[in-house]
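Q:
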Amino acid sequence: MKNEIKQYLKEHGFGHFCPKAVLFDMDGVLYDSMPHHAIAWQESMKRFGIDMTEADAYATEGARGIDTIRQIATRQGKEVSLEEAQRMYDEKSRIFHEMPDAPIFDGVFDMMEKIKRAGMTVNVVTGSGQRPLIRRLLNDFGRYLDENHITTAYDVKRGKPYPDPYLMGLQKAGNLKPFEGIVVENAPLGVRSGVSAGIFTVAINSGPLPDKALLDEGADVLYDKMTQFRNEWDNFI
54 MKNEIKQYLK EHGFGHFCPK AVLFDMDGVL YDSMPHHAIA WQESMKRFGI DMTEADAYAT
114 EGARGIDTIR QIATRQGKEV SLEEAQRMYD EKSRIFHEMP DAPIFDGVFD MMEKIKRAGM
174 TVNVVTGSGQ RPLIRRLLND FGRYLDENHI TTAYDVKRGK PYPDPYLMGL QKAGNLKPFE
234 GIVVENAPLG VRSGVSAGIF TVAINSGPLP DKALLDEGAD VLYDKMTQFR NEWDNFI
């Protein structure tokens, strides 16, 4: 398997692949939180007269919340200002934080321990900017992660699917080059962001979307669970 991966890397322009950092998305990768987010999105948007389905929530996951709101509203013939979108996103966040904490996926702690032992850094690149979620990241993963290695919606002007969030993540990881990182994503927009940044991108399909939705965005490797990636980690370094 290791030789197969090396051959793939060479054939797809990763000949200088030398990972020093892993950049994780948060929701749907570290936490099994997307079901909660989908409910919060549907309930909050309904209060503002906007129809948002569970499929919409999964398809737009990873983008900045205000961008998602304006995109969905425009699609339904409604114009929403940045200020209005922020108020709507605040309501979505309020509903989400009234729900129980989402569990951490199996294999995440093992994965981070492997990364640390390999002398690499753990980083998070999220479309969220909510302080309670950032505090939870630091509380849960403080052994492997500090705030300087977290990129949020407030660190970039353009969120996923643009490359900006993962390029900023590389910068925060130590001004690294794309061939020095590995992206771990679960959403089409996030995969597109990592790929467009020129970073080797691993997709974990933890939700209801078909594998094709992630592979079509250019994911280099796809797994159903974090534990599968953990089991094959040694093939990547």
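All residue numbers in the sequence shown are consecutive under my numbering, ending with 290.
Positions of the beta carbon are idealized from the N, C-alpha and C atoms, including for glycine.
1. Where do the N-terminal and C-terminal ends of the alpha helix (DSSP H) with residue 91 fall, by residue?
2. Near residue 167, what residues of its chain come up, given a Cβ to Cβ distance below 6 Å and the 5 sequence neighbours on each side ignored?
3. Counting C-beta neighbours from all protein chains within 10 Å, is the total for residue 223 16 or more, i.e. buried, or is it exposed?
4. Excluding sequence positions up to five away, which residues of its chain have a Cβ less than 6 Å from the Cβ of residue 289?
5. Kindly give me the distance between the Cβ atoms of residue 213 and residue 181, rounded to whole angstroms, as I take these residues to be in contact under 8 Å.
6. Count the CB pairs spanning the stretch 148–156 and the stretch 126–134 that are closer than 8 Å, and state whether there are at least three.
7. Looking only at C-alpha atoms, which of 281, 74 and 97 sits nearest to residue 139?
8. Less than 6 Å between C-beta atoms, sequence neighbours within five positions excluded: which residues of the same chain meet that for residue 242?
9. Which same chain residues, not among the five before or five after residue 232, have their C-beta less than 7 Å away from its C-beta?
10. Across which residues does DSSP place residue 234 in a beta bridge pair?
11. Considering just the uninterrupted stretch of the beta strand (DSSP E) at residue 174, what are its terminal residues?
A: Well, looking at it:
1. 87–100
2. 286
3. buried
4. none
5. Actually they do not touch by this definition, with Cβ atoms about 11 Å apart.
6. no
7. 97
8. 115, 116, 213 and 214
9. 67, 69, 70 and 71
10. 74
11. 174–178
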